[in-house]
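Below is one structure, written out as structure tokens, with a few remarks after it.
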Amino acid sequence: MLDSDRQKQEFQARVQRIQTRLLEEQSGKQRPATRLTHMPAAPKAAMKPRRRIPLGGTLALVLGLAILLGANVTAFQAGNAPTGFFARALASAGPLPIAGAMLFVLMIGLGMRDKPHVIGLALGLPLMYFGEPYLAWLAPELWVQMYSADHVDTMLIQAGLRAPPVVPL
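So the sequence shown is numbered by this note's numbering: it starts at 3 and just counts up by one.
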């Protein structure tokens with residue numbers, strides 16, 4: 003019984019609010035806008051939050067840079083090493099197959115086969131391939147320690163970052 007009495011009271015209160023609202027509208031009285039008013043224009047679509055770059059993708063990018071740099075240094079040092087089977091094999095293979103072998107170990111052995119890792123590696127390798135002369139230009143002392151002074155000069159001249167030496171006639 004108490005529940006039905008409460009429902010009757012709520013219904014009567016609602017009817018009373020509706021009647022007072024109708025009387026106010028008929029009399030022309032302005033009332034403050036409620037939160038249920040109709041918006042004349044459609045609200046703007048909310049901006050989607052920016053997707054963050056996954057940490058694994060950033061890590062894979064850095065690893066891709068390091069792998070190609072390591073492969074380049076390994077191929078160069080193997081070419082200058084005394085003759086041996088592995089030194090000759092590494093020197094004749096060049097840096098890209100060495101990087102491929104390192105990537106195989108990294109992707110298959112360590113499980114970096116998901117999308118962010120693969121994208122990071124795929125971006126890191128060409129960045130280092132095309133960006134190594136610019137890094138050598140920015141830090142020539144470090145590159146001279148990894149390679150040789152003649153190799154760094156040749157790399158900078160080929161990239162157009164240093165003028166070739168002028169030989170007087």
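Every residue gets a Cβ at the ideal spot worked out from N, C-alpha and C, and that includes glycine.
{"Asked": "Consult DSSP for R54 and reduce its assignment to one of helix, strand or coil.", "Found": "coil"}
{"Asked": "What number of angstroms, rounded off, separates the C-alpha of E27 from the C-alpha of Q18?", "Found": "14 Å"}
{"Asked": "Excluding the 5 residues preceding and the 5 following G96 in the sequence, name in chain order all residues of the same chain whose CB lies nearer than 7 Å to its CB.", "Found": "A77"}
{"Asked": "Out of V75, P118, I20 and A48, state which residue places its alpha-carbon closest to the alpha-carbon of G58.", "Found": "P118"}
{"Asked": "Just to confirm my understanding: we take A138, look at its own chain, exclude 5 residues before and 5 after, and list those with CB closer than 7 Å. What are they?", "Found": "W145, V154, M157 and L158"}
{"Asked": "Are A80 and A89 close, meaning C-beta to C-beta below 8 Å?", "Found": "yes"}
{"Asked": "Identify whether S2 lies in helix, strand or coil by the three-state DSSP scheme.", "Found": "No answer is possible for residue 2: it lies beyond the span of the chain, which begins at 3 and ends at 171."}
{"Asked": "Check G162 in the structure and name its three-state DSSP category.", "Found": "coil"}
{"Asked": "Does the distance from the CB of G66 to the CB of L123 come in under 8 Å?", "Found": "yes"}
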